[in-house]
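Going by our numbering, the sequence shown opens with residue 252, and the numbers climb by one from there.
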Amino acid sequence: MEPVSSAPDAPARDASSLDVERLRADFPILSEEVNGEPLVYLDNAATSQKPRQVLEAISGYYASDNANVHRGIHELSRRATDAFEGARQRVARFLGTEDPGEVIWTRGTTEAINLVASSWGGANVGEGDEIVLSDMEHHSNLVPWQLLAARTGARLRFVELADDGTLALEGLAELLSERTKLVALTQVSNSLGTINPIREIADQVHDAGALLLVDGAQGAAHAPVDVASLGADFYAFSGHKMCGPTGIGALWARRELLEAMPPYQGGGEMISLVERHASTWADLPHKFEAGTPNIAGAVGMAAALDYLEGVGHHQILRHEQALVAHAMERLSQVEGLRMFGPADPTRRAGVVSFVMEEAHAHDIATILDSKGIAVRAGHHCTQLVMKRYGVPATARASFYLYNTHEEVDRFADALGRVQSIFG
Ligand code: PLP
């Protein structure tokens with residue numbers, strides 16, 4: 252999902268070949284009415300809706316195969332273990348790695364980043380070392396590093412945001428030095444939509460001798476990921492942003508990095524031998540997976556990856572960019588409305604964040620809700636972004652594979668109503 256240099260041609264209305272009408276039928280929730288109106292779900296950056304195929308995989312697992320994994324010598328435990336480890340292999344294939352031991356199950360992106368900050372950070376970061384972040388980061392890719400810095404005396408440094416909602420990358424070279432241990436950046440901004448040029452950044456980071464953690468929470472949903480060609484050393488993402496269930500996600504890192512890292516949490520599953528005062532650790536990936544895992548979640552996540560591959564994962568970003576282009580054009584006609592993020596839709600994933608002169612973001616979201624349109628209002632867990640652009644909150648519409656141009660029109664028409672109430 253590299254922007255700019257490899258950006259697709261300007262997105263046209265029919266730029267993707269997703270059969271949106273057909274695939275909408277896979278999502279039962281999309282045929283609901285909300286407040287007497289057909290639901291228009293534009294809160295996908297918060298969480299995506301789930302297709303029937305994912306719901307059936309989860310309920311089928313509980314109905315037929317449910318047992319605890321790894322420990323049981325009985326048929327159901329074997330089936331549950333096969334389903335769980337098969338799901339790990341599915342994630343490995345999605346990320347382009349042949350080694351499922353490099354895929355660690357987590358509760359989501361937040362836990363994956365905390366795992367790295369705690370385990371790798373605890374072992375490798377000391378006083379005076381530096382971690383480079385950006386002002387675009389979600390709190391999940393900021394607060395774990397603040398906690399690490401407070402524990403170790405490390406220093407956090409920040410890539411700034413340019414006026415157009417992109418990273419001011421000309422400042423990166425100055426931030427990198429022999430003190431830099433890690434650069435941790437988001438692939439796609441959840442509050443601006445900006446797609447960051449991770450590949451280019453990776454080369455710079457590696458030339459400086461540092462590692463790169465990529466927050467893929469918003470990235471993996473929109474296009475296939477190949478961690479090797481992306482240049483990531485750590486890649487974190489969540490199932491629920493990409494048609495999978497909540498409470499499941501993964502951390503990927505190269506085997507040698509993971510092998511050198513101490514465990515994150517202690518408990519069952521992650522040990523080899525336990526004695527009174529000491530223990531030894533299980534092999535990868537189990538060393539990082541203490542306790543009974545989210546087995547049904549893993550099964551659902553694998554079903555989500557199958558689903559996205561089946562509909563054409565590589566088409567999703569183009570579809571979203573066509574919707575964003577249409578939304579930006581319509582919103583630019585609403586008086587007193589200010590949008591944030593790159594003006595060029597090909598530099599964004601499916602996010603449009605905006606404020607209106609007279610109406611608070613929460614009022615906008617409330618009025619849209621009364622019309623059955625779900626958008627988010629607030630700081631979107633990116634208070635540094637809000638501060639940079641001098642607003643307390645924005646309203647955010649975020650699109651996914653099942654959204655249509657007609658829904659964008661309903662959303663834009665409803666904003667006209669907000670304008671007439673407050674304007
Ligand atoms: N990073 C980004 C860019 C996000 O958008 C989110 C969720 O909104 C997260 C991290 C955290 O993801 P999760 O809550 O699934 O752990």
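For every residue, glycine included, the Cβ atom is placed at its ideal position computed from N, Cα and C.
Runs of alpha helix (DSSP H) lying entirely within the region 357-395, each at least 4 residues, in chain order
360-366 and 372-375
Around ligand 1, Cβ to any heavy atom closer than 5 Å, ordered along the chain:
Gly359, Thr360, Thr361, His389, Ser391, Thr437, Asn441, Asp466, Ala468, Gln469 and Ser489
Which residue or residues does DSSP assign as beta-bridge partners of Phe605?
Here residue 605 is taken as the residue at index 354 of the sequence shown, counted from 1. Its beta-bridge partners are Met590 and Ala646.
Please name the residue in Ser530, Ser440, Thr531 and Val434 whose C-alpha comes closest to that of Phe485.
By one-based count along the sequence shown, residue 485 stands at place 234. For the residues Ser530, Ser440, Thr531 and Val434, the minimum Cα distance to Phe485 belongs to Val434.
With three or more C-beta pairs closer than 8 Å as the rule, is the region 444-460 touching the region 617-627?
no
Cβ of Ala226 within 8 Å of Cβ of Ala628?
It is not possible to answer for residue 226, since the shown part of the chain is limited to 252 through 674.
N-terminal and C-terminal residue of the alpha helix (DSSP H) that Ala479 is part of:
On the sequence shown, residue 479 is found 228 positions in, with the first residue counted as 1. Unbroken alpha helix (DSSP H) run through Ala479: Val478 to Leu481.
Suppose you measure from the CA of Glu284 to the CA of Val291; what does that come to, to the nearest Å?
Start at 1 with the first residue of the sequence shown, and residue 284 comes out as number 33. Start at 1 with the first residue of the sequence shown, and residue 291 comes out as number 40. Between Glu284 and Val291, the C-alpha separation is close to 9 Å.
Boundaries of the alpha helix (DSSP H) in which Lys638 is found, first to last residue:
For the purposes of this step, residue 638 is taken as residue 387 along the sequence shown, with counting starting at 1. Start and end: Gln634 to Tyr640.
Going by the beta-carbon positions, is the gap between Gly447 and Leu418 smaller than 8 Å?
Start at 1 with the first residue of the sequence shown, and residue 447 comes out as number 196. Start at 1 with the first residue of the sequence shown, and residue 418 comes out as number 167. Note on identity: in this sequence residue 447 is Asn, with Gly being the wrong assignment. Yes, they are a contact pair.
I need the boundaries of the alpha helix (DSSP H) containing Ile499, first residue and last residue.
Counted from its first residue, the sequence shown places residue 499 at position 248. Where Ile499 is concerned, there is no enclosing alpha helix (DSSP H), given that its DSSP letter is neither H nor E.
Identity of the residues DSSP links to Leu412 by a beta bridge
On the sequence shown, position 161 is the one that residue 412 refers to. Bridge partners of Leu412: Leu418.
Can you tell me where the beta strand (DSSP E) holding Phe488 begins and where it ends?
Here residue 488 refers to the residue found at position 237 of the sequence shown. Phe488 -> beta strand (DSSP E) spans Phe485 to Ser489.
Arg430 (DSSP reduced to helix, strand or coil)
What you label residue 430 is simply residue 179 of the sequence shown in a count that begins at 1. Note: Arg430 maps to coil in three-state DSSP.
Using the rule of at least 16 other Cβ atoms within 10 Å of the residue's Cβ for burial, across every protein chain shown, is Thr431 buried or exposed?
Numbered from 1 along the sequence shown, position 180 holds the residue referred to as residue 431. With 16 or more Cβ atoms within 10 Å of its Cβ, Thr431 is classed as buried.
Three-state secondary structure assigned by DSSP to Ala435:
In the sequence shown, residue 435 corresponds to position 184, counting from 1. Note: Ala435 maps to strand in three-state DSSP.
Once you ignore the five residues that flank Ala314 on each side, which residues in its own chain have a CB closer than 6 Å to its CB?
Locating residue 314 in the sequence shown gives position 63, where the first residue counts as 1. Here the set comprises nothing.
Gly495 versus Asn545, Arg505 and Val525, residue with shortest Cα-Cα distance:
For the purposes of this step, residue 495 is taken as the residue at position 244 of the sequence shown. Considering only alpha carbons, the answer is Asn545.
With H, G and I counted as helix, E and B as strand and the rest as coil, what does DSSP make of Ser440?
By 1-based counting over the sequence shown, the position of residue 440 is 189. Looking at Ser440 - three-state DSSP - the assignment turns out to be coil, as it is neither helix nor strand.
Between which two residues does the beta strand (DSSP E) carrying Gly629 extend?
Stepping through the sequence shown from its first residue, residue 629 is reached at position 378. Counting along the chain, the beta strand (DSSP E) containing Gly629 begins and ends at Arg627 to Gly629.
Alpha carbons only, please: which of Thr348, Leu393, Glu362 and Gly347 is nearest the one belonging to Gln634?
Your numbering for residue 634 matches position 383 in the sequence shown. Nearest C-alpha to Gln634: Leu393.
Exposure label - Ala441; buried when at least 16 CB within 10 Å:
On the sequence shown, position 190 is the one that residue 441 refers to. Per the sequence presented here, residue 441 reads as Asn, with Ala not at that position. Looking at its Cβ environment, which holds 16 or more other Cβ atoms inside 10 Å, Asn441 is buried.
Answer yes if the region 593-600 comes into contact with the region 564-584, meaning at least three C-beta pairs across the two stretches below 8 Å, and no otherwise.
yes
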